[in-house]
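With this note's numbering as the guide, the letters of the sequence shown map in order to residues 1083 to 1324.
No residue lacks a Cβ here, since even glycine has one placed at the ideal position from N, Cα and C.
One structure is given below, encoded as structure tokens.
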Amino acid sequence: MSRPILEVIALHPEDAIAAEAGGADRLELVTDMAADGLTPSRETFAAVRSAVDLPVRVMLRACDGFAAGDPAAVDALCRKAAALHAEGADEFVLGFLDADGLADLNAIATLVEVIGAGPGVDESRWTFHRAIDRAADRDVLRRQLAGLPGLDTYLTAGSAHGVDHGLPTLRAEAARGGAPGYEARIMVGGGLRLDHLPELRAAGITAFHIGSAARPGGWHGSVDAVAVGQWRLALDAPVPVG
């Protein structure tokens, strides 16, 4: 069995280098964490890709919140996505809700087409991010998105209030793995702590996402390789039994 995935939020090449040194498997590249993570520049992506060998998932999000915005806003985000894709980005993070709190399929499908997700060896892969934790109905949203090309991960805390509140939901969704709408991997993030790992791993969850946990100095500081290494060590330990 392959080892659990550890994804670390990076803002710049220095973060990426430290995350790789600590044992991260993948990066989520964003800018502006004051707005909970927005789309980085093409130049930043290029610099990060040149600095490390890790896969890089690039955030596609123009503003705080989970609405895609009006058609002009979606068009602007599509232009940024196309530029990033042209630069070589082939993994992304996105997700939007409509006024009813369900998936905004028009915006999502438009972006999925722009980033080149689709059948073939070169298809882009993407994560539906924590918009699922604000959805009016998580199960309905999953079924809405089932079958969209390239979707291979849900980033979720199980609750808008974080992993502490979301543990029962995460366990229940992990138990449904492979069912319609539940084929994509669960990646847990959002208030995730080391002490959550035994329960989550025992439930069969194999992917984990950290941001502030990798930054002892907070978001004004950089990723710390030692902090990342603590997570790598914990995830490389045997899965708890019982």
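Next on the checklist: What does the alpha-carbon distance come out to for the pair Asp1135 and Gly1263?
Outcome noted: 31 Å
Checklist entry - Can you tell which of Glu1195, Pro1280, Arg1258, Gly1273 has its C-alpha closest to the C-alpha of Asp1221? => result Cα-wise, what sits closest to Asp1221 is Arg1258.
Next on the checklist: So Ala1165 and Ala1189 are supposed to be a Cβ contact under 8 Å. How far apart are they, rounded?
Outcome noted: Contact doesn't hold; Cβ gap of about 18 Å is too wide.
Checklist entry - Among Arg1253, Glu1205, Ala1185, Gly1198, which residue has its Cα nearest to the Cα of Ala1228? => result Ala1185
Checklist entry - What did DSSP end up calling Arg1330 once you bin it into helix, strand or coil? => result Residue numbering for the chain in the displayed model covers 1083 to 1324; residue 1330 lies beyond these limits and cannot be assessed.
Checklist entry - By DSSP, does Arg1283 sit in helix, in strand, or in coil? => result helix
Checklist entry - Contact check, Arg1124 vs Glu1169 under 8 Å by CB: the rounded distance? => result About 5 Å; that satisfies the 8 Å criterion.
Checklist entry - If you check the beta carbons only, do Ala1092 and Phe1127 fall under 8 Å apart? => result no
Item to check | Pair within 8 Å by beta-carbon distance, Ala1144 and Ala1155 | outcome: In this structure, Ala1155 lies closer than 8 Å to Ala1144 by Cβ.
Item to check | Where the alpha helix (DSSP H) containing Asp1318 begins and where it ends | outcome: 1307-1318
Next on the checklist: So, at 7 Å on beta carbons, what are the nonlocal neighbours of Ile1287 in its own chain, with the 5 sequence-adjacent residues on each side left out?
Outcome noted: Leu1252, Ala1256, Ile1268, Val1270
Checklist entry - Can you tell me the Cα-Cα spacing of Met1141 and Val1321, whole angstroms? => result Cα to Cα, the separation comes out at about 31 Å.
Item to check | Inter-residue CB distance, Gly1105 and Leu1088 (contact presumed, cutoff 8 Å) | outcome: 7 Å
Checklist entry - How would you write the range of the beta strand (DSSP E) that Arg1326 sits in, first residue to last? => result A question about residue 1326 goes unanswered here, because the residues of the chain that appear run from 1083 up to 1324.
Checklist entry - If we ignore side chains and look at the alpha-carbon of each, how far apart do Arg1275 and Ala1296 end up? => result 11 Å
Checklist entry - Roughly how many angstroms separate the alpha carbons of Leu1279 and Ala1319, rounded to a whole number? => result 10 Å
Item to check | Residues near Ala1285 by beta carbon distance below 6 Å, same chain, minus five either side | outcome: Arg1253, Ala1256
Next on the checklist: I'd like to know if Leu1136 contacts chain D, where contact means its C-beta is closer than 8 Å to some C-beta of that chain.
Outcome noted: The structure shown has no chain D; it contains just one protein chain.
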